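Enquirer:
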Amino acid sequence: MSLSQTDIDLTNLPRHVAIIMDGNGRWAKKRGLPRVMGHKRGVEVARRIIIKARELGIPYLSLFAFSKENWQRPRLEVETLLKLLGEYLENELPLLMEKSIRFKALGDVEDFPEDLRDKIREVERATAAFREMTLVLALSYSGRAEILRAIRFLTKDFKDGGLKEIDLNDETFRQYLYFPELPDPDLLIRTSGEIRISNFFLYQIAYTELYFSDLLWPDFSEEEFVKALGEYQRRERRFGRVYEF
Ligand code: FPP
1 MSLSQTDIDL TNLPRHVAII MDGNGRWAKK RGLPRVMGHK RGVEVARRII
51 IKARELGIPY LSLFAFSKEN WQRPRLEVET LLKLLGEYLE NELPLLMEKS
101 IRFKALGDVE DFPEDLRDKI REVERATAAF REMTLVLALS YSGRAEILRA
151 IRFLTKDFKD GGLKEIDLND ETFRQYLYFP ELPDPDLLIR TSGEIRISNF
201 FLYQIAYTEL YFSDLLWPDF SEEEFVKALG EYQRRERRFG RVYEF
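All residue numbers for the sequence shown refer to the working numbering, where the first residue is 1 and numbers rise by one.
1) Within this structure, are the beta carbons of V136 and L177 separated by less than 7 Å?
2) The ligand FPP heavy atoms versus the CB of Y88: any closer than 6 Å?
3) Restricting to runs no shorter than 4 residues, where is the alpha helix (DSSP H) found entirely within the stretch 128 to 169?
4) Specify the secondary structure class of V17 as computed by DSSP and reduced to three states.
5) Mapping DSSP to helix, strand and coil, what is K104?
6) Where L187 and S67 are concerned, what is the direct C-alpha to C-alpha distance, given to the nearest angstrom?
7) Keeping to the same chain, check which residues put their C-beta closer than 8 Å to that of R196; ignore five residues upstream and five downstream.
8) Suppose you measure from the CA of E165 to the CA of R174; what does that come to, to the nearest Å?
9) Let me confirm a value: T127 is counted as buried when at least 16 other C-beta atoms fall within 10 Å, else exposed. Which label applies?
10) Rounded to whole angstroms, what's the CA-CA distance from L76 to V36? Just pull it up for me.
11) If P59 and T134 are in contact, beta carbons under 8 Å, what's the gap, nearest whole angstrom?
12) My output table needs one value for I189: the three-state DSSP class, helix, strand or coil.
13) L210 to G193, Cα distance in whole Å?
14) My output table needs one value for A65: the three-state DSSP class, helix, strand or coil.
15) Within 10 Å of its beta-carbon, does S100 have 16 or more other beta-carbons around it, so buried, or fewer, so exposed?
16) If you count every other CB in all the chains shown that lies within 10 Å of the CB of W71, and 16 or more means buried, which is it?
17) State the Cα-Cα distance for the pair D160 and I151, rounded to the nearest angstrom.
18) Going by DSSP, name the residue or residues bridged to Y211.
19) Straight-line CA distance for F239 to Q204?
20) Would you say D118 touches the ligand FPP, meaning its beta carbon is less than 6 Å from a heavy atom?
21) Classify G32 as buried or exposed, calling it buried when 16 or more other Cβ atoms lie within 10 Å of its own Cβ.
22) How about M21: is its Cβ closer than 6 Å to a heavy atom in the ligand FPP?
23) Using the Cα positions of L163 and E231, report the straight-line distance between them to the nearest angstrom.
24) With hydrogens ignored, establish whether the beta-carbon of G193 is closer than 6 Å to any heavy atom of the ligand NAD.
25) Just how far apart, CA to CA, sit R41 and N169?
26) Please state if the CB of D118 and the CB of S140 are separated by a distance shorter than 7 Å.
Here is the structure:
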């Protein structure tokens, strides 16, 4: 059965969709290609999903593009991923401008080489005024690192007297995360049949709906994205409460 956009309720879309784009390496291996070809194809798919999300009116889309753990991959693969990222930022700036998409990097951007850091900052600056949609690229990101970093800053504020123990709650804690205004993901999609979170948004996914697709990321499509949104809309979100007796 094919699902089209008309099968979903455009008035009840998730505010924030997060995606773990997994399976690029396996996609390439299945075809006897180098892993990096899978990543290249992965960038194209990401582009299509970004355009689709914008078209549907989803305000926040977060893509896990490079994890802290990814630094441990073979040097050639890391170099290629960084190169692809640099090219992506250069090539996509016009699209982001044309479609009024704000770009935000999430993670320890200082881990990247200076030229890439500059490109990231340039695209962030150029798109900073857009509010219709925010594209968040998780770059050198890990959920645990984000929480520990928050605790480090928070401890400093305790010591300096800027924060009192009594004032520490969910709302104040969030101020120490990378991007405090980012709403929690309503829907998290992971491709490639792996059923795990792999250190993405650990603090923020407490009540997120999880959707796992068996497709490898390079085979994911706009139609599959819409299918995931349809499934999300059929879920009953209770946030730990009871609505009917
Ligand atoms: C997982 O595939 C994917 C990554 C490590 C991230 C790479 C993501 C892209 C190239 C898309 C980037 C998108 C933008 C917008 C820059 P994997 O290598 O872990 O696959 P495997 O599990 O099959 O080995």
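Glycine included, every Cβ here is placed at the ideal spot set by N, Cα and C. All of these numbers come straight from a predicted model, not from anything done at the bench.
Expert: Concretely, from the data shown:
1) no
2) Yes, Cβ of Y88 sits closer than 6 Å to a heavy atom of the ligand FPP.
3) 143 to 160
4) strand
5) Look at K104 here: in three-state DSSP terms it is strand.
6) Cα to Cα, L187 sits roughly 19 Å from S67.
7) So the qualifying residues of the chain are R190.
8) Answer to the nearest angstrom: the Cα atoms are 15 Å apart.
9) Label assigned to T127: buried.
10) 9 Å
11) 7 Å
12) strand
13) 13 Å
14) The DSSP-derived three-state label of A65 is strand.
15) exposed
16) Exposure of W71 is indicated by the presence of fewer than 16 other C-beta atoms within 10 angstroms of its C-beta.
17) 14 Å
18) Under the DSSP definition of a beta bridge, Y211 partners with I189.
19) 13 Å
20) Incorrect: D118 has no Cβ contact closer than 6 Å to the ligand FPP.
21) exposed
22) yes
23) Looking at the two C-alpha atoms, the distance is approximately 42 Å.
24) What this structure holds is the ligand FPP, not the ligand NAD.
25) R41 and N169: Cα-Cα distance of roughly 42 Å.
26) no
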